[in-house]
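Quick note on our numbering: the sequence shown kicks off at 3 and runs consecutively. The beta carbon of each residue, even a glycine, is placed where N, CA and C say it ideally should be. It should be emphasised that the depicted structure is a prediction, and the values quoted were computed from it without experimental measurement. Okay, so here's the structure we're looking at.
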Amino acid sequence: LLNEAISVTVLAGITGSASGGMSIALAAMSETFVAAAHAANIPLEVLHRVAAMASGGMDTLPHNGAVITLLAITGLSHRQAYGGIFAITVIKSLAVLFVIATFYVTGIV
């Protein structure tokens, strides 16, 4: 789960797109992720949910299209608004890490 989450979030950051990062990561490494999930008795639904949550980790970097559109619509600059955007992204990413850690520690699947 952790490898999948890291791969998806890094690619989302590079592309500036949550769906783009998830699509690239899953297309390139889905066989590896599925095999690891089966070996650890992790349902594929959980694997998908972790990928979906992790895709939002670094997709809100300043070059993201949604961030640029949000700032254009609100009339704010990156300097004025990006702190709040960054804080929400960090909180959401920590929540994903907590979910992954819970699965690892408790074995709940």
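With a 10 Å radius around its C-beta and 16 neighbouring C-beta atoms as the bar for buried, classify A27 as buried or exposed.
With 16 or more Cβ atoms within 10 Å of its Cβ, A27 is classed as buried.
Do T62 and I87 count as a contact pair if the criterion is CB distance below 7 Å?
Yes, the pair counts as a contact, with Cβ atoms nearer than the cut-off.
Give every residue of the same chain whose Cβ lies closer than 7 Å to the Cβ of S95, excluding the five residues on either side of it in the sequence, and list them in chain order.
Taken in chain order, the residues that qualify are G59.
Does the distance from the C-beta atom of A38 to that of V10 stay below 7 Å?
Cβ distance not < 7 Å, so A38 and V10 don't count as in contact.
What does the Cβ neighbour count give for N66, buried or exposed, with the cut at 16 atoms within 10 Å?
The residue in question, N66, is buried, as its Cβ has 16 or more Cβ neighbours within 10 Å.
Out of G18, I93 and G23, which one is the CA nearest neighbour of A7?
Nearest neighbour of A7 by Cα position, chosen from G18, I93 and G23, turns out to be G23.
Backbone secondary structure at L46 - three-state DSSP:
If DSSP states are grouped into helix, strand and coil, L46 belongs with the helices.
Presumed contact (8 Å Cβ cut-off) between L73 and A89, rounded CB distance
Incorrect: roughly 16 Å between the Cβ atoms, too far for contact.
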